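Data block below; observations after.
Numbering (the working numbering), first residue to last: 1432 to 1532.
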């Protein structure tokens, strides 16, 4: 019962201007990244290696050389679908200009 009584009071609580700024700043900073990655799946190196049918060490080497873009989260790398697709397009031997015409 006390939790139910506290909820309406918190909604009507007056927030000091400095705190309002910090709340707004936090929302503004987090919103773009949420939109960018909302529909992305992050793959670990073993998953990428399996998907591309290559060894895990080669995936690590491609990341080191900058051929596959990866995000470092803690000690692990994560790679998105878009990053894998971009890598595959760069590896394509097909003349993409001929396809556009």
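A virtual CB, placed ideally from N, CA and C, is assigned to each residue, including glycine. Remember, predicted model here, so these are calculated numbers, not experimental data.
Nearest-angstrom Cα distance between residue 1525 and residue 1506?
-> Indexing the chain shown from 1 puts residue 1525 at position 94. Indexing the chain shown from 1 puts residue 1506 at position 75. Rounded to whole angstroms, residue 1525 to residue 1506 spans 36 Å at the Cα level.
7 Å Cβ shell around residue 1479 - same chain, five flanking residues per side excluded = As a first step, residue 1479 must be located in the chain shown, where it is residue number 48. Closer than 7 Å at Cβ, skipping near neighbours: 1490, 1510, 1515.
Where the beta strand (DSSP E) through residue 1510 begins and ends = As a position in the chain shown, residue 1510 is number 79, starting the count at 1. Note, residue 1510: beta strand (DSSP E), 1507-1511.
Skipping 5 residues on each side, what residues in its chain have a beta carbon closer than 7 Å to that of residue 1462?
-> On the chain shown, residue 1462 is found 31 positions in, with the first residue counted as 1. Low confidence applies here, because residue 1462 scores a pLDDT of 46, under 50, leaving its location unreliable; read the following figure in that light. Same-chain partners within the cutoff: there are none.
So residue 1485 is in the alpha helix (DSSP H); what residue range does that whole segment cover?
-> Taking the chain shown and counting its residues from 1, the one referred to as residue 1485 is at position 54. Element bounds for residue 1485: n/a, residue is neither H nor E.
For residue 1471, which of 1521, 1522, 1523, 1502 has the nearest alpha-carbon?
-> One-based indexing of the chain shown puts residue 1471 at position 40. The residue with the shortest Cα to Cα distance from residue 1471 is 1502.
Near residue 1494, what residues of its chain come up, given a Cβ to Cβ distance below 7 Å and the 5 sequence neighbours on each side ignored?
-> Counted from its first residue, the chain shown places residue 1494 at position 63. Around residue 1494: 1501, 1508.
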